[in-house]
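Here is the structure we will look at, set down as structure tokens.
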Amino acid sequence: GYLEERMSSLQCTQRKTGTEKSLEAFLKDNGTYYVTLSHVALDRLQKYLQKLIRNLDQLKTC
């Protein structure tokens with residue numbers, strides 16, 4: 001996608017945050033409970049995006 005291309009053009013390495021890793025693990029472990037999982041996953045995604053927005057000033061290049 002766009003972010004991967006942008007990172008490549010800036011010669012940045014992709015790093016996963018602790019939140020991103022824990023969200024992936026949570027989704028993998030609880031994938032069979034898709035009805036209740038969607039609400040929890042959206043809540044975690046919202047918190048992750050809010051944290052990202054607060055830290056936008058720190059995202060100068062990589």
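Reminder that position 18 of the sequence shown reads as 18 in the UniProt record's numbering, one-by-one numbering, no gaps.
Glycine residues also receive a C-beta, built at the ideal position from the N, C-alpha and C atoms.
* Reduced DSSP category for Gln11 - H, G, I as helix; E, B as strand; rest coil -> coil
* Asked: In whole angstroms, what is the alpha-carbon distance linking Leu37 and Leu45?
  -> Straight-line spacing of the CA atoms in Leu37 and Leu45 works out to 12 Å.
* **Euclidean distance between Cα positions of Val40 and Lys47** => About 11 Å.
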